[in-house]
Amino acid sequence: MSSIPANLRYAESHEWVLDNGDGSVTIGITDHAQEALGDVVFVELPEVGRTLAVGDEFGVIESVKAASDLYAPVAGEILEVNEALEDSPETVNESPYADGWLMKVRLEDASNLDDLLDAGAYQAVAAAEE
Numbered sequence: 001m002s003s004i005p006a007n008l009r010y011a012e013s014h015e016w017v018l019d020n021g022d023g024s025v026t027i028g029i030t031d032h033a034q035e036a037l038g039d040v041v042f043v044e045l046p047e048v049g050r051t052l053a054v055g056d057e058f059g060v061i062e063s064v065k066a067a068s069d070l071y072a073p074v075a076g077e078i079l080e081v082n083e084a085l086e087d088s089p090e091t092v093n094e095s096p097y098a099d100g101w102l103m104k105v106r107l108e109d110a111s112n113l114d115d116l117l118d119a120g121a122y123q124a125v126a127a128a129e130e
């Protein structure tokens, strides 16, 4: 079974969200998602400064098996992207919840976090796919 940290919120599209406590969040893909993808070989990230709505496509992650679109689990302005993934996309496989984060976003509406799944609910979503 994949690792599903209890301190994060989750989207059904397999992105995780960490509330940074300052009006911003860090976003990445879950352990379950990286396992399903296999060896990640490329990550296309969005432009800093872009504003996203919930559900907007913000990038692509490619593995040796497939390419998958990435979707914004919250609305807001992109503050930072993880540029280290450009040279080391495999970091998403090695450390999906730490070094493999994708972007940081200033929340437009903090209530977006309430619409996301907690660890238990996400575990049910992930288990249904296995």
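For the sequence shown, position 101 matches number 101 in the UniProt record's numbering, and the numbering has no gaps at all. For every residue, glycine included, the Cβ atom is placed at its ideal position computed from N, Cα and C. For clarity, every value in this text was computed on a predicted model and none was experimentally measured.
The C-alpha of Gly-49 lies about 18 Å from the C-alpha of Val-60. Distance between Thr-26 and Asn-20, taken at the CA atoms: about 7 Å. Restricting attention to Asp-39, Leu-52, Ala-128, Ala-124, the CA atom closest to the CA of Asn-112 is found in Leu-52.
By the neighbour-count definition (other C-beta atoms within 10 Å, threshold 16), Ala-11 is a buried residue. By the criterion of a C-beta distance shorter than 6 Å, Glu-80 is surrounded in its chain by Lys-104, once the five residues flanking it on both sides are discounted.
Ile-29 is bridged by DSSP to Glu-15. If you draw a 10 Å sphere on the C-beta of Asp-87, you find fewer than 16 other C-beta atoms in it, and that means exposed. For the pair Leu-37 and Lys-65, the CB atoms are nearer than the 8 Å cut-off. Residue Phe-58 holds the alpha-carbon nearest to the alpha-carbon of Ile-78 among Pro-89, Leu-70, Glu-94, Phe-58. In terms of Cβ geometry, Leu-116 and Pro-73 form a close pair [threshold 8 Å]. If you look at Gly-120, you'll find it in the alpha helix (DSSP H) that goes 119-129. Apart from sequence neighbours up to five positions away, the residues of its chain that approach Glu-129 with a beta-carbon distance below 8 Å are His-32, Ala-36, ordered along the chain. Taking the Cβ atoms as the reference, Gly-28 lies roughly 5 Å from Leu-102, within the contact range of under 8 Å.
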